[in-house]
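Student: I am attaching a structure below and will ask some questions about it afterwards.
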Amino acid sequence: MKALTANRLIDGDVVFWKAGTWVERFADADLFDDAEAAEAAEGKAKSQPTVVIDPYLIDLMESDGLWAPLSYRERIRALGPTNHPAHGKQAEGGEVIEALLSADGAARSSGRVNLIKRK
Amino acid sequence: MPTLIRRQDNDQFVLADDPFTAVSDDEGLPPGDVIISFTRFQAEGDSLLAEGRAVGVRLEPAEEVEALAYDLPRIAVVALAFPKYRDGRGYTAARLLRQRFGFGGEVRAVGEVLREQAGFMVRCGFDAFVPADGSTPQDWAHAVHRHRHVYQRAADMRTPAYVEREGG
Amino acid sequence: MYQYDAVDQDFVADRAREFREQVARRLSGELSEDQFKTLRLMNGLYLQLHAYMLRIAIPYGSLNSRQMRRLAHIGRTYDRGYGHFTTRQNLQFHWIKLRDAPDILDQLAEVNMHAIQTSGNCIRNVTSDPYAGATAEELDDPRVWSEAIRQWSSLHPEFSFLPRKFKIAITAAPKDRTAAKVHDIGLMIRRGRDGQLGFEVIVGGGLGRTPYVGPTISEFLPANRLFSYLEAILRVYNRHGRRDNIYKARIKILVAALGAEEFARQVAEEWAKIGPEGDLPDTELARIRGAFAAAAFDPLPARSEVFEAAKAADPALARFARNNLRPHKKPGYAIVEVSLKTIGETPGDATSDQMDVIADLAERYGQDDIRVTHEQNLVLPHVRLDDVPEVFAQLQAAGLASANVNLISDIIACPGLDYCALANARAIPVAQQIAQTFADPDRAEAIGELKIKISGCINACGHHHVGHIGILGVDKKGEEFYQLTLGGSGAEDAAVGKMLGPALPYDKVAGAIDTLVEVYLRERREGERFLDTYRRTGVEPFKEAVYADAH
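Right under this line is the structure:
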């Protein structure tokens, strides 16, 4: 399962793709279990250079029956810094935030799909 | 014809007709004035000049201006290539052409040439530009005149701040 | 302090206006992100994990109360009410929005501040001794040269698109508080045999993937030839530094590839062609020097009865005096270090309120002079001993009175994976855990000077290579692991730390530090710091103890 994320150009905020637009909460993000759909969304996202910077797909894993980013870095992006629990999106709390906080284990730390570009 | 912007002696920027044709190493030579690579100039420069053409030499960033030093009086244009706008070797090359070798011909920026580099380029002695971003002479004039003061001496002979401060 | 004249003020205002235009062109799509990224980096604006990060220049670590208050205001208005002081004496805000950046730069320009060249492949903030102008040890005031280089390097037309970033540090005292030997250029102020002022020039030091203590390229460069020589170094680098691989693009790689001797020869050759025309005129140097003319100090006795009495009555003040005060060149004064390493807080961070307190203290008790160290602490360089008790009381009230400068809990940590897009692991919580482990101030003092430095990735912004104990965060199969090194030093005895053993998982690090300290306390001889004991015993006793479980 994958999600599509980027940073918003105007404020640098972490955002997630949802049906052609961008949302701030991972809880609201579109989830892709189909590689083609995921890549199609990524393609559309890359054609929005004045909206977001560098959109990319991330791998997800299951946590507490919900989905969470596989990589630790992506969880931090979705939550906020671990040294300030009141900063970032984690301050909102809720089910999905809890699932993110308790997610464990990871593959590559960047969590990007196809990170290694072969020339 | 790619756009050529020229900086005139009065610090105005204008769209210019380019009498030169840029010719790559494997192309045949058209009549008239040409800009050719350093390698090609070494092979054919003498004969082209003997034909009465104005000849320009294109230098890639790794090719050093010192190699051109003796030929500079015969060269009309030195085109300094910026394969990536971030490759800053052209700035050194231009400055040396002007300040060390006293080159009086045209120093032209080609490649990934962007208006945001206008200020740096003019200060280093470039006076002609083939922009890659569709920018106009007005854009270049604007970018170049953004800073009322400069701290260093450079090829453009603008008064540096430390001279201004002396009332100079 | 250097005071901006009309030229300097115009310069930062013009730069802010230029950036405003560039932001507008990015938002409209006229500039692509690839084109814009270089421009915003040259104004210190990074895109990080959660938001943009703005790195504001604090030239050679020096600022006054008005500037500090403006930073506090910016933190409150545009960020989350705090900032982070860095290992290059700058300040970072971690929650900046692009749309606010032009306003922020305007507001900085109003108080003679900027974010020019705090990132990008250009000459960065020149760092220097935070005790400049206050210590008796210095041969000359390095701020004079730092300010001159700052101006010379600002929007330098030839050297703004270097192969990679370029960092210069200047030190003027035998004790090097700038890590000069691990900079691209380290300038050590020297006096020649005839008393003439000059520099020992070190080129090609650096940290990161390939740490080097830089070789000396010129043993003695006459001071009035500095700028032509710098131009020669930068030109050789601009022409010959590698541009094919960003991990091999620093000048240290070029110097290592050519060898110090050949590199020095190429620089000398270029320098001869530049000649004295490339130097800054004496008049301009004198003008800058005049700006740093000694502040008016009151003639005071060396011993302050008020201070002595207060110390005797308050053990906390006495501890603060032992660890955080340094001798001032003027009798009756002290250099006061303010630790930003409160146990349990983020190292190097200060809230906007705390910044205001520092500003007030500097204005009232400190000749309006504030410094940032490259170890993420602050300094009030000119405080009368008579005033230290009051300054201490106000620092205490603001949570700024940790008496731990240079002790084990005075940990340098980069922002790490909590903030930084480049990081592999977190650094801040590791620092906090270690600090908690050594929260007992008696124990910390008993251990003595011990510099722990933590980086969340190989870019080494936490300067881990030059920590007495260095900690490098690495990613092992997506988990946070930490590589320990021992025996590094960023001072005049510069050295790169040596690996202790296999990387340790996150939850084993604080314990490993504890073990290392136990070994030190067991092995040490009279007067030895941790670093000294390590240099005498070598790594074996430490390695054995930390990895004992593995046997």
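Protein chains in written order, with numbering that gives the first Met the number 0: chain L, 0 to 118; chain W, 0 to 167; chain G, 0 to 550.
Glycine residues also receive a C-beta, built at the ideal position from the N, C-alpha and C atoms.
Given the structure is predicted, the values throughout are model-derived calculations rather than measurements.
Short of 8 angstroms in beta carbon distance, which residues of its chain neighbour residue 82 of chain W, apart from the five on each side in sequence? Order them along the chain.
Tutor: 59, 60, 110 and 111
Student: Spell out the partners DSSP gives residue 482 of chain G in its beta bridges.
Tutor: G:471
Student: Hey, quick one: how far does the alpha helix (DSSP H) through residue 215 of chain G stretch, first residue to last?
Tutor: Residue 215 of chain G -> not in any alpha helix (DSSP H); beta strand (DSSP E) instead, spanning 215 to 221.
Student: How many whole angstroms separate the CB atoms of residue 82 of chain L and residue 417 of chain G, which I take to be in contact at a CB cut-off of 8 angstroms?
Tutor: 5 angstroms
Student: Is residue 265 of chain G close to chain W? Criterion is C-beta to C-beta, closer than 8 angstroms.
Tutor: Between residue 265 of chain G and chain W, the shortest Cβ-Cβ separation is not below 8 angstroms.
Student: Under DSSP, the beta strand (DSSP E) around residue 187 of chain G begins and ends at which residues?
Tutor: 184 to 190
Student: Go ahead and pull the three-state DSSP assignment for residue 69 of chain G.
Tutor: Note: residue 69 of chain G maps to helix in three-state DSSP.
Student: For the stretch 419 to 426 of chain G against the stretch 362 to 373 of chain G, are there 3 or more C-beta pairs whose distance is under 8 angstroms?
Tutor: no
Student: I'd like to know if the stretch 88 to 99 of chain L and the stretch 17 to 28 of chain L are in contact, where contact means that at least 3 CB-CB pairs between them fall below 8 angstroms.
Tutor: yes
Student: Assess contact between the stretch 124 to 133 of chain G and the stretch 496 to 505 of chain G, defined as three or more Cβ pairs (one per stretch) separated by less than 8 angstroms. Is contact present?
Tutor: no
Student: Would the stretch 27 to 38 of chain G and the stretch 393 to 405 of chain G be scored as touching if the rule is three or more Cβ pairs under 8 angstroms?
Tutor: no
Student: Note down, in chain order, each residue of its chain lying with its Cβ closer than 6 angstroms to the Cβ of residue 146 of chain G, except the 5 sequence neighbours on either side.
Tutor: 1 and 287
Student: From the beta carbon of residue 54 of chain G, is the nearest beta carbon of chain B less than 8 angstroms away?
Tutor: Given the protein chain composition of this structure (L, W and G), no chain B is represented.
Student: Cβ closer than 8 angstroms: which chain L residues qualify as neighbours of residue 97 of chain G?
Tutor: Those are 8, 9, 10 and 11, listed as they occur along chain L.
Student: Which value, in whole angstroms, describes the spacing of the CA atoms of residue 108 of chain W and residue 39 of chain G?
Tutor: 23 angstroms
Student: Kindly indicate the opening and closing residues of the alpha helix (DSSP H) around residue 1 of chain G.
Tutor: Looking at the DSSP string, residue 1 of chain G is not in any alpha helix (DSSP H), and its letter there is neither H nor E.
Student: Could you tell me how far apart the beta carbons of residue 202 of chain G and residue 262 of chain G are, in whole angstroms, since I believe they sit closer than 8 angstroms?
Tutor: 7 angstroms between Cβ atoms; contact.
Student: Which residues in the same chain as residue 550 of chain G place their Cβ atom closer than 6 angstroms to its Cβ, once the five residues preceding and following it in sequence are excluded?
Tutor: Note that residue 550 of chain G has pLDDT 46, beneath the 50 cutoff, so the model's placement of it is unreliable and the number below is only indicative. None.
Student: Nearest to residue 333 of chain G by alpha carbon, out of G:381, G:310, G:308 and G:302?
Tutor: Ranking G:381, G:310, G:308 and G:302 by Cα distance to residue 333 of chain G puts G:381 first.
Student: Going along the chain, which unbroken runs of the alpha helix (DSSP H) with 4 or more residues stay wholly within the stretch 241 to 294 of chain G?
Tutor: 250 to 257, 259 to 273 and 281 to 290
Student: Can you tell me the Cα-Cα spacing of residue 8 of chain L and residue 91 of chain G, whole angstroms?
Tutor: 19 angstroms
Student: So who's on the other strand from residue 333 of chain G, going by DSSP bridges?
Tutor: G:326 and G:382
Student: For chain L, find out if any of its Cβ atoms is closer than 8 angstroms to the Cβ of residue 345 of chain G; answer yes or no.
Tutor: yes
Student: May I ask you to list, following chain order, the residues of the stretch 102 to 122 of chain G that have a beta carbon less than 8 angstroms from some beta carbon of chain W?
Tutor: When CB distances to chain W are screened at a threshold of 8 angstroms, the residues of the stretch 102 to 122 of chain G falling below it are 120, in chain order.
Student: Any beta carbon from chain G within less than 8 angstroms of residue 87 of chain W's own beta carbon?
Tutor: yes
Student: Decide if residue 38 of chain W is buried, meaning its Cβ has at least 16 other Cβ atoms within 10 Å, or exposed.
Tutor: exposed
Student: What is the C-beta distance between residue 351 of chain G and residue 51 of chain G, in whole angstroms, given that I count them as a contact (C-beta under 8 angstroms)?
Tutor: Residue 351 of chain G to residue 51 of chain G, Cβ: 18 angstroms. No contact.
Student: Label residue 70 of chain G either buried or exposed according to how many other C-beta atoms from any shown protein chain fall within 10 Å of its C-beta, with 16 as the threshold for buried.
Tutor: buried
Student: Check the Cβ of residue 51 of chain G against every Cβ in chain L and list those closer than 7 angstroms, keeping chain order.
Tutor: 11
Student: Please state whether the Cβ-Cβ distance between residue 270 of chain G and residue 151 of chain W is less than 8 angstroms.
Tutor: no
Student: Is there a Cβ of chain L sitting closer than 8 angstroms to that of residue 32 of chain G, yes or no?
Tutor: yes
Student: Residues of chain G with CB under 9 angstroms from residue 55 of chain L, in chain order?
Tutor: By Cβ distance, chain G contributes nothing, its closest Cβ being about 12 angstroms from residue 55 of chain L, past 9 angstroms.
Student: Roughly how many angstroms lie between the CA atoms of residue 488 of chain G and residue 25 of chain W, to the nearest whole one?
Tutor: Cα to Cα, the separation comes out at about 56 angstroms.
Student: Candidates L:73, L:98, L:95 and L:84: which alpha carbon is nearest residue 4 of chain L's?
Tutor: L:73
Student: Tell me residue 91 of chain G's beta-bridge partners as DSSP assigns them.
Tutor: G:54 and G:83
Student: Write down every uninterrupted run of the alpha helix (DSSP H) in the stretch 342 to 368 of chain G whose length is 4 residues or greater and which is fully enclosed by it, in chain order.
Tutor: As far as the stretch 342 to 368 of chain G is concerned, its whole alpha helix (DSSP H) runs of at least 4 residues are 351 to 364.
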